[in-house]
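Chains as they are written, first to last, in my numbering: chain A, 2 to 264; chain B, 33 to 303.
Given below as structure tokens:
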């Protein structure tokens, strides 16, 4: 499987859900380098999930543009694929058919499709479950199938909308590590929307902090940590504290470190 | 975990459940036949009702070879089958797309609800005078009556199935590049297949119920007509044999629908 990353360029992006309503965000600008993993963090209602849907082409912006290299995003495409909070697998299909459904939509020849599906299942360590009914899988396994369903399309950009928030802590941690590792190994871009600061530290090269209504990008922090990242490492803990401070500051509250010092 | 889910993973439990079901079927059928035989016996034993002894189980079963050899049974079944098939095909061809639109579009649902509910409540057979005026043949009228009776279960079951579909499936499919035809064939239809076949099963029941009285009206073929003919010639054994045939065919068609529902159901716990 050969995937390349893309240069993401979001320019002056605005969105409002209804023509008379308040804008969700206005004139938002964001760039990412090829292969970069971005985490967008912020409180509910700041527009981070809406931003992800627009990047995926599932919502139309009111103004502005999104380019992946020279291609303007004007609708959904297998090159920029989104994974949702729930796996939303198709229960009438076995695991392998779920994974290959995008290739079927693209009318791939059966043999090549099967090879690609097998490779994607190996990547997410579910090669022994190809003929399993998806309803017999655990939540974590189902989310791995959803990941394989996205990876099989060889996306240049994988968008993750709080994809692990419904999972138990152990499964979540393992998937966070695996998704980053696969992204780095294959070279595609990753944008993850999350409420979880730990998730941002473990998965991202850069954290983008959004706040306010209409939403604005308040801060961008490089997460320059070596891989693999362990939660208990001092550097990870330090970055977590830094992101937490920036998160509170963006929300207009005193940084957690100052609050605890005052106490 | 439901019994069905347990059976799906435990072949022995599945075999036991199937055996239990078969035994229950046989015992139920034996009770039904015994009661029929007993009723026939008392009718035949009473001099006042002895002329109706043909309604009994044994005379009915004995009538089948004669009906078969004369070709009446095959001709009647074929004529009724053609009308039922045409009516059902029409009901599905009209009901399925309408059901999908009703299920997908709130605007269309709101717009059509009062009209559909009103027309649905009109007894199908009350359309007969209009059908006879509109269609040049009795066959056309009967097919229309069958279709108008069967279309509503298909429409409403399809719409209800679509209303239960996870909207995120459409988003995921769009995200993975599905075009509208693929969305219909590979997402919508499999997602609602269970409800569509359930609707077809209900529609078939209604259609079968409407078909026989419709054939009593003016045609000279079909199961309904053959029953009327047997009554007029006082051939009660033939009459009951045709009634039994209607029951057997209806039961068979219903079993086919149940099989299709099982085949296409992805809901855990559906039987």
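All C-beta atoms, glycine included, are put in the ideal place defined by N, C-alpha and C.
C-beta contact flag for residue i and residue j at 8 Å
i: residue 135 of chain B; j: residue 195 of chain B; result: yes
i: residue 127 of chain A; j: residue 102 of chain A; result: no
i: residue 56 of chain A; j: residue 201 of chain A; result: no
i: residue 174 of chain B; j: residue 243 of chain B; result: yes
i: residue 210 of chain A; j: residue 251 of chain A; result: yes
i: residue 162 of chain A; j: residue 53 of chain A; result: yes
i: residue 76 of chain A; j: residue 36 of chain A; result: no
i: residue 220 of chain B; j: residue 293 of chain B; result: no
i: residue 188 of chain B; j: residue 231 of chain B; result: yes
i: residue 157 of chain A; j: residue 254 of chain A; result: no
i: residue 153 of chain A; j: residue 100 of chain A; result: yes
i: residue 164 of chain A; j: residue 248 of chain A; result: no
i: residue 148 of chain B; j: residue 268 of chain B; result: no
i: residue 156 of chain B; j: residue 180 of chain B; result: yes
i: residue 239 of chain B; j: residue 182 of chain B; result: yes
i: residue 253 of chain B; j: residue 111 of chain B; result: yes
i: residue 144 of chain A; j: residue 176 of chain A; result: yes
DSSP state of residue i mapped onto helix, strand, coil
i: residue 106 of chain B; result: helix
i: residue 247 of chain B; result: helix
i: residue 1 of chain A; result: For residue 1 of chain A there is no data in the structure shown, the boundaries of chain A being 2 and 264.
i: residue 15 of chain A; result: strand
i: residue 10 of chain A; result: strand
i: residue 84 of chain A; result: strand
i: residue 94 of chain A; result: coil
i: residue 160 of chain A; result: strand
i: residue 41 of chain A; result: strand
i: residue 68 of chain A; result: strand
i: residue 154 of chain A; result: coil
i: residue 261 of chain B; result: helix
i: residue 211 of chain A; result: strand
i: residue 62 of chain A; result: coil
i: residue 50 of chain B; result: helix
i: residue 226 of chain B; result: helix
i: residue 154 of chain B; result: coil
i: residue 197 of chain A; result: coil
i: residue 220 of chain A; result: strand
i: residue 144 of chain B; result: helix
i: residue 134 of chain A; result: strand
i: residue 230 of chain A; result: coil
i: residue 33 of chain B; result: Only weak support is given to the placement of residue 33 of chain B: the predicted model assigns it a pLDDT of 41, under 50, and the question is left unresolved by the model.
CA-to-CA distance, residue j to residue i, given in whole angstroms
i: residue 115 of chain B; j: residue 105 of chain A; result: 39 Å
i: residue 161 of chain B; j: residue 251 of chain B; result: 14 Å
i: residue 101 of chain B; j: residue 116 of chain A; result: 59 Å
i: residue 91 of chain B; j: residue 169 of chain B; result: 36 Å
i: residue 29 of chain A; j: residue 69 of chain A; result: 16 Å
i: residue 164 of chain B; j: residue 241 of chain B; result: 19 Å
i: residue 246 of chain B; j: residue 95 of chain A; result: 46 Å
i: residue 35 of chain B; j: residue 48 of chain B; result: For residue 35 of chain B, the predicted structure reports a pLDDT of 44, less than 50, and the residue's modelled location is therefore unreliable. The matter cannot be settled from this model.
i: residue 88 of chain A; j: residue 140 of chain A; result: 8 Å
i: residue 90 of chain A; j: residue 57 of chain B; result: 38 Å
i: residue 229 of chain A; j: residue 178 of chain A; result: 8 Å
i: residue 97 of chain A; j: residue 130 of chain A; result: 8 Å
i: residue 142 of chain B; j: residue 199 of chain B; result: 19 Å
i: residue 183 of chain A; j: residue 189 of chain A; result: 9 Å
i: residue 105 of chain B; j: residue 249 of chain B; result: 19 Å
i: residue 244 of chain A; j: residue 232 of chain A; result: 14 Å
i: residue 192 of chain A; j: residue 20 of chain A; result: 28 Å
i: residue 235 of chain A; j: residue 59 of chain A; result: 39 Å
i: residue 173 of chain A; j: residue 160 of chain A; result: 17 Å
Beta-carbon separation (whole angstroms), residue i vs residue j, contact threshold 8 Å
i: residue 211 of chain B; j: residue 82 of chain A; result: Between residue 82 of chain A and residue 211 of chain B the Cβ distance is about 16 Å, and since that is not below 8 Å, they are no contact.
i: residue 234 of chain B; j: residue 185 of chain B; result: 4 Å
i: residue 87 of chain B; j: residue 75 of chain B; result: 6 Å
i: residue 265 of chain B; j: residue 108 of chain B; result: Contact doesn't hold; Cβ gap of about 14 Å is too wide.
i: residue 120 of chain B; j: residue 178 of chain B; result: 7 Å
i: residue 93 of chain A; j: residue 69 of chain B; result: Going by Cβ atoms, the distance from residue 93 of chain A to residue 69 of chain B rounds to 46 Å, so no, they are not a contact pair.
i: residue 209 of chain B; j: residue 78 of chain A; result: 7 Å
i: residue 270 of chain B; j: residue 99 of chain B; result: 6 Å
i: residue 181 of chain A; j: residue 38 of chain A; result: 6 Å
i: residue 289 of chain B; j: residue 202 of chain B; result: At roughly 28 Å, the Cβ-Cβ gap does not stay under 8 Å, so residue 289 of chain B and residue 202 of chain B are not in contact.
7 Å Cβ cut-off: residues of chain C touching residue i
i: residue 227 of chain B; result: Absence of chain C from the displayed structure is noted, the protein chains being A and B.
Near the ligand PLP: residue i beta-carbon under 7 Å from a heavy atom
i: residue 61 of chain B; result: By its list of ligands, the structure shown contains no ligand whatsoever, and the ligand PLP lies outside what it can speak to.
Inset, instruction - Take every Cβ of the segment 21 to 38 of chain A, pair it with every Cβ of the segment 209 to 221 of chain A, and state whether three or more of those distances are shorter than 8 Å. - result: yes
Inset, instruction - Count the CB pairs spanning the segment 167 to 185 of chain A and the segment 100 to 117 of chain A that are closer than 8 Å, and state whether there are at least three. - result: no
Legend entry - Three-pair Cβ contact test at 8 Å for the segment 218 to 232 of chain B versus the segment 259 to 275 of chain B: no
Inset, instruction - Flag this pair as touching only if the segment 193 to 207 of chain A and the segment 218 to 234 of chain A have three or more C-beta atom pairs under 8 Å; answer yes or no. - result: yes
Legend entry - Stretch pair the segment 116 to 125 of chain A + the segment 147 to 160 of chain A: three plus CB contacts closer than 8 Å: yes
Legend entry - Inter-stretch contact at 8 Å, needing at least 3 Cβ pairs: the segment 57 to 68 of chain A / the segment 8 to 21 of chain A: yes
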